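*Asks:* Start counting the sequence shown at 139; every next residue gets the next number (my numbering). C-beta: ideal position from N, C-alpha, C; glycine also. Model, not experiment: these values are computed from the prediction. Handing you this structure, nothing more for now.
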Amino acid sequence: MNLITTEWLEKNLDSVKIFDASWHMPSSKRNAEKEYKEKHIKGTIFWDLDEHSDKDSLYPHMMSNSDYWARMLWSFGIQNDDHIVVYDYSDTYSSCRLWFALKYFGHKKVSVLDGGMKKWLKENRPTSKEINQNLGKFSNIEKLNPKNKYKVNENTELVKNKKQIEDNIKNFSFQTVDARSRDRFEGKVDEPRPGLKKGCIVGSKNIPFKDCIDVETNTFKTKDELAKIFTQNKVDISKPIVFTCGSGITACVLGMAYSIINGKNAVIYDGSWSEYGKK
């Protein structure tokens, strides 16, 4: 169940663990954590993308290591058999990044709230300001029951590195599909991050991630509509695909679309253009 509806979530609030994975482009001047504190779905935990990415990397939003991931989820009180629901209040549909990361580290039951907070609020569903201040603090781990320690099962084949992308330009063992806007993909505009070239990975194709989202409802388009979008952009869903973008966030939106179409796990180039396009 990669996607769940707002109706389903309201009926099942007490049987799931919920994360708000909102993230905004710096140019938006929005503060995701501040917005979370003002209102969120009852019981929701705020998940900070920048905080829980690899801080030792030269590139933004790179996947953290498995030890960090296990301790982080345990500090939030997450257990391996929990059904995790992720949502966002973001124009980048950043919930898909946490959905992908949880899949990468082997969590079985994880869903994205289709339509996110935008749809939830539009439907006048209940919100809360209540926050559990003790959750997510690594200093509290020693107080937790070691029998409930979270265990990761890392699926390393779901992430590609720069060398694999470069090798693929020569041997073309998979399709590379970029989720950035058409203008960025075609190098018609500057990248929002400094120090990056214009353009795209050699031989890659482009599906702007926003093409997968229904503007009116903020939900994913239907399976048939998504399949048509892939075909129109000359992406063969029957052959291996690796998704990329600016920093590994919106690539996961295409990854979700891909999973909706055929039920398979997505594969992401984690460094994306932040790494590949470095001057």
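#1: For ILE406, which option in ARG263, ALA317 and THR230 has the closest C-alpha, if you only look at C-alpha atoms?
#2: Around the Cβ of VAL327, are there at least 16 other Cβ atoms within 10 angstroms (buried) or fewer (exposed)?
#3: For the alpha helix (DSSP H) containing VAL391, list its first residue and its last residue.
#4: Following the continuous alpha helix (DSSP H) through LYS366, name the residue where it begins and the one where it ends.
#5: Give the straight-line distance between the Cα atoms of LEU147 and VAL290, rounded to the nearest whole angstrom.
#6: If you count every other CB in all the chains shown that lies within 10 Å of the CB of GLY254, and 16 or more means buried, which is it?
#7: Taking Cβ positions, are MET201 and ALA239 nearer each other than 8 angstroms?
#8: Which first and last residues belong to the beta strand (DSSP E) in which ILE303 is found?
#9: Contact defined as beta carbons within less than 8 angstroms: I believe ARG235 pairs with ALA170. What is the distance between those atoms, to the nearest angstrom?
#10: Can you tell me whether SER410 is buried or exposed, with buried defined as 16 or more other CB within 10 angstroms of its CB?
#11: Going by alpha carbons, who is nearest to VAL391 out of ALA208, SER319, GLU413 and ILE339?
#12: Which ranges would you report for the beta strand (DSSP E) in the region 152-233 if only whole runs of at least 3 residues count?
#13: Along the beta strand (DSSP E) that carries LEU251, what are the first and last residues, could you check?
#14: Would you check if the distance between the CB atom of THR355 and the CB atom of LYS257 is smaller than 8 angstroms?
#15: Just curious, the alpha helix (DSSP H) that THR382 is in, first and last residue?
#16: DSSP three-state call for LYS289: helix, strand or coil?
#17: Just how far apart, CA to CA, sit LYS193 and HIS199?
#18: Contact between the region 296-314 and the region 352-368 is defined here as three or more beta-carbon pairs at a separation below 8 angstroms; is this criterion met?
*Replies:* Considering the structure as presented:
#1: As a working mapping, residue 406 is identified with position 268 in the sequence shown. Ranking ARG263, ALA317 and THR230 by Cα distance to ILE406 puts ALA317 first.
#2: By one-based count along the sequence shown, residue 327 stands at place 189. Its Cβ having fewer than 16 others within 10 Å, VAL327 is exposed.
#3: For the purposes of this step, residue 391 is taken as the residue at position 253 of the sequence shown. That run of the alpha helix (DSSP H) goes 389-400.
#4: Numbered from 1 along the sequence shown, position 228 holds the residue referred to as residue 366. Counting along the chain, the alpha helix (DSSP H) containing LYS366 begins and ends at 361-370.
#5: Residue 147 sits at position 9 when you count from the first residue of the sequence shown. Residue 290 sits at position 152 when you count from the first residue of the sequence shown. Answer to the nearest angstrom: the Cα atoms are 26 angstroms apart.
#6: Translated into the one-based positions of the sequence shown, residue 254 becomes position 116. Result: buried.
#7: Locating residue 201 in the sequence shown gives position 63, counting from the first residue. Locating residue 239 in the sequence shown gives position 101, counting from the first residue. Result yes, Cβ atoms of MET201 and ALA239 sit closer than 8 angstroms.
#8: Looking up residue 303 in the sequence shown gives position 165. Premise fails: ILE303 lies in the alpha helix (DSSP H), 300-309, not in any beta strand (DSSP E).
#9: Start at 1 with the first residue of the sequence shown, and residue 235 comes out as number 97. Start at 1 with the first residue of the sequence shown, and residue 170 comes out as number 32. Not really, about 13 angstroms apart at Cβ, beyond 8 angstroms.
#10: On the sequence shown, residue 410 is found 272 positions in, with the first residue counted as 1. SER410 should be labelled buried.
#11: Mapped onto the sequence shown, residue 391 falls at position 253. Comparing Cα-Cα distances from VAL391 to each of ALA208, SER319, GLU413 and ILE339, the minimum goes to SER319.
#12: 155-158 and 222-225
#13: Looking up residue 251 in the sequence shown gives position 113. Taken as a continuous stretch (DSSP letters only), the beta strand (DSSP E) holding LEU251 covers 248-251.
#14: Translated into positions along the sequence shown, residue 355 becomes position 217. Translated into positions along the sequence shown, residue 257 becomes position 119. Yes, the pair counts as a contact, with Cβ atoms nearer than the cut-off.
#15: Within the sequence shown, residue 382 is the residue found at index 244, counting from 1. No alpha helix (DSSP H) holds THR382; the beta strand (DSSP E) holding it covers 379-382.
#16: Sequence index remark: in the sequence shown, residue 289 carries index 151 (1-based). In this structure, LYS289 counts as coil in the three-state DSSP scheme.
#17: Numbered from 1 along the sequence shown, position 55 holds the residue referred to as residue 193. Numbered from 1 along the sequence shown, position 61 holds the residue referred to as residue 199. If I take the Cα positions, the gap works out to 8 angstroms.
#18: no
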